[in-house]
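**Student:** Numbering of the sequence shown is given in our numbering, commencing with residue 893 and proceeding in unit increments.
Using N, Cα and C, we set each Cβ at its ideal position, and we do this for glycine too.
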Amino acid sequence: MKMRFCLLFLILLLAGCGSRPAPAWIETGHRHLETFKRDFLTGRAPSVAEIPFRNAVEEIKKSGDIDLLGKAWLTRMALQVAILADLEAGDYPQIEAAQPAPANRNFYLFLQGNTADAEVSLLPEPYGPFWTAFRRGDFATATAAIAAIEDPLSRLIAAGIAVRHHLENDAILQTAVETASQNGWKTALLAWLERSKSWYEAAGDAARATAVSRRIELMK
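#1: Would the beta-carbon of A1080 fall within 7 Å of that of I975?
#2: Roughly how many angstroms lie between the CA atoms of I1049 and D959, to the nearest whole one?
#3: Would you mind stating whether K1078 and G982 have Cβ atoms separated by less than 7 Å?
#4: A1072 and W1091 - do their beta-carbons sit closer together than 7 Å?
#5: Check F1077 in the structure and name its three-state DSSP category.
#6: Report yes if the C-beta distance between A948 and L971 is below 7 Å; otherwise report no.
#7: With respect to the alpha helix (DSSP H) encompassing H924, which residues constitute its N-terminal and C-terminal limits?
#8: Out of V1069, R946, A916, G1096, which one is the CA nearest neighbour of I1108?
#9: So is W965 buried or exposed if we call it buried at 16+ other beta carbons inside 10 Å?
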C-alpha cells in the first residue's frame, strides 16, 4: 500500500467499495484532509490550518472506525515531520490504547525514528529502501533512497526523519529544499532553508549560509 497521506483513509476504504458510490463521510473527510495538507504546508496560520483537520476527524468519527481515526492523527504527525516541527501525537496514544493496530503502531515508531522497533515489512512501500539503509547505518544509501522516493510528501517525511535522527548532509537538505520549492509548500520550504542555513553556519560555509539567509528574507 502506497502512503500518500492526504488520501490515506480514502484509499483504504475505496479498495473495498468496488463500483459503489463512496459514503458521504469518506468524500467529505477526504476533502478536509486535502485542505489541511495544503494549508499546513503552504503557510496558513496554524489555528486556521487545524480547522479542516478537526473537521476530517469528525467525519471519520461518524463511522466509528478507530483504525482510520488513528491514521488521521498519524497523517498530522507525518506532516509535522515533513516541516521539522516538534511531534505532537494528539489523540493517537489514546486511540492505540483503545484498539491496537500493528501497522499504525509501526508507522508511529517510524515517525519517531525508532530504528530498533519499526519494521520495514509493515511500512508503506516508498519508505522501504530508505528505512532498510538507515537502520543498518548505511547513510550513503539512505541519502540516495530519500532522493529516489517518487511521492514528494513521502520524500520530505523521510528527509525529516533522517535529519532529526543524526543523518544530515548537504544532499538531503538540498533534496528537501527542492521538493518543497517545486510543490509551492512555503512553510516546509522556510523550515528546510532555516535548517540549511544552520548547517552551513556549523560547517563554516559563511557564503552559502548568507545566500540562504537572503533567500529566506525575500520569502518572508
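**Tutor:** On the basis of the coordinates in this document:
#1: Going by C-beta atoms, A1080 is nearer than 7 Å to I975.
#2: One C-alpha to the other measures close to 21 Å.
#3: No.
#4: The beta carbons of W1091 and A1072 sit no closer together than 7 Å.
#5: One point to set straight first is that residue 1077 is Trp, not Phe, in the sequence displayed. Here W1077 sits in coil by DSSP.
#6: The criterion of a C-beta distance shorter than 7 Å is not satisfied by A948 and L971.
#7: For H924, the enclosing alpha helix (DSSP H) starts and ends at 916-934.
#8: Its Cα nearest to that of I1108, the residue V1069 stands out among V1069, R946, A916, G1096.
#9: Burial check for W965: the Cβ neighbour count within 10 Å reaches 16 or more, so the residue is buried.
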